[in-house]
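Engineer: Each residue of the sequence shown is one higher than the one before, starting from 1248 at the first, in this note's numbering.
So that we are looking at the same thing, I have put the structure below in structure tokens.
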Amino acid sequence: LGYALYAFPWGEEGTELAHATGPRQWQADAFREIRDHLQNPETRYQPLMLARASGHGIGKSAFISMLINWGMSTCEDCKVVVTANTDNQLRTKTWPEIIKWSNLAITKDWFTCTATAMYSNDPGHDKRWRADAIPWSEHNTEAFAGLHNERKRIIVVFDEASNIADLVWEVA
């Protein structure tokens, strides 16, 4: 939560966040849940699975975007994989929102954003310190298998996850 409050231009005139004071209450609660998980010696090295089910317009994509930006900006060589229920959702809704929030962040100059990736501008890290938008397929689960990042952070995001095949969940 601290990162989200600091890294984005909440309340600054001339920005998309001019009329917002910070993350929504449910987003702040989710960030606290992540903080508590990472601060607990018994859970910090275990995967954390978060899920939010809700209607439209409550800020799920904004939360995903802030989370990815936190992950990328606070852990060198962080790896992120993002998928969505459809390729169209991923390309036209989820990924553009991630790019929007990346461009709002104080760390925007640290990364290059493309139509399918966000990667470090630090020389030699562009292949290891990155987020990738990858369409899922039951016939191509290899895209989600074998994601390794020893002693570094891994974030896997399934947007509109209820429509993603169980096999993809199992492999990821």
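Idealized CB from N, CA, C, for every residue including glycine.
For a quick check, are the C-beta atoms of ILE1315 and VAL1403 less than 8 Å apart?
Structural biologist: Counting from 1 along the sequence shown, the entry for residue 1315 is found at position 68. Counting from 1 along the sequence shown, the entry for residue 1403 is found at position 156. No; because the gap between Cβ atoms is not below 8 Å, this pair is not in contact.
Engineer: Whole angstroms are fine: how far does the CA of LEU1297 sit from the CA of ARG1279?
Structural biologist: On the sequence shown, residue 1279 is found 32 positions in, with the first residue counted as 1. On the sequence shown, residue 1297 is found 50 positions in, with the first residue counted as 1. Between ARG1279 and LEU1297, the C-alpha separation is close to 12 Å.
Engineer: Rounded to the nearest angstrom, what separates TRP1273 and SER1367 at their Cα positions?
Structural biologist: Looking up residue 1273 in the sequence shown gives position 26. Looking up residue 1367 in the sequence shown gives position 120. Their Cα atoms are separated by approximately 30 Å.
Engineer: Pick helix, strand or coil for PHE1255, following the three-state DSSP scheme.
Structural biologist: Residue numbering aside, residue 1255 sits at position 8 when the sequence shown is read from its first letter. Correct three-state label for PHE1255: coil.
Engineer: Is DSSP giving ASP1324 helix, strand or coil here?
Structural biologist: The residue you call residue 1324 lines up with position 77 of the sequence shown. Coil, per DSSP.
Engineer: Please state whether the Cβ-Cβ distance between SER1308 and GLU1344 is less than 8 Å.
Structural biologist: Here residue 1308 is taken as the residue at index 61 of the sequence shown, counted from 1. Here residue 1344 is taken as the residue at index 97 of the sequence shown, counted from 1. Yes; because the gap between Cβ atoms is below 8 Å, this pair is in contact.
Engineer: Taking DSSP as the reference, what is the three-state secondary structure of SER1367?
Structural biologist: Position 120 of the sequence shown, counting from 1, holds the residue named residue 1367. SER1367: strand per DSSP, three-state reduction.
Engineer: Which of the three DSSP states, helix, strand or coil, is assigned to ALA1267?
Structural biologist: Your numbering for residue 1267 matches position 20 in the sequence shown. Coil.
Engineer: So is MET1319 in contact with chain E if we call contact Cβ pairs under 8 Å?
Structural biologist: The displayed structure is made up of one protein chain only, and chain E is not part of it.
Engineer: My assumption, with CB atoms under 8 Å, is that VAL1329 sits in contact with THR1341. Please give the rounded CB distance.
Structural biologist: Your numbering for residue 1329 matches position 82 in the sequence shown. Your numbering for residue 1341 matches position 94 in the sequence shown. About 6 Å separates the two Cβ atoms, so the contact holds.
Engineer: Report back the beta-carbon spacing between PRO1270 and ALA1251 to the nearest angstrom; my notes put them in contact at under 8 Å.
Structural biologist: The sequence position of residue 1270 within the sequence shown is 23, counting from 1. The sequence position of residue 1251 within the sequence shown is 4, counting from 1. The Cβ separation is near 5 Å, so the contact holds.
Engineer: Ignoring anything shorter than 4 residues or poking outside the stretch 1282-1359, list the alpha helix (DSSP H) runs there in chain order.
Structural biologist: 1307-1321, 1342-1351
Engineer: Comparing alpha-carbon positions, which option in ARG1282, ILE1311, ASN1332, TYR1253 lies nearest ILE1381?
Structural biologist: Start at 1 with the first residue of the sequence shown, and residue 1381 comes out as number 134. Ranking ARG1282, ILE1311, ASN1332, TYR1253 by Cα distance to ILE1381 puts ASN1332 first.
Engineer: So, are the CB atoms of HIS1284 and ASP1324 less than 8 Å apart?
Structural biologist: Locating residue 1284 in the sequence shown gives position 37, where the first residue counts as 1. Locating residue 1324 in the sequence shown gives position 77, where the first residue counts as 1. Not a contact, by the Cβ cut-off of 8 Å.
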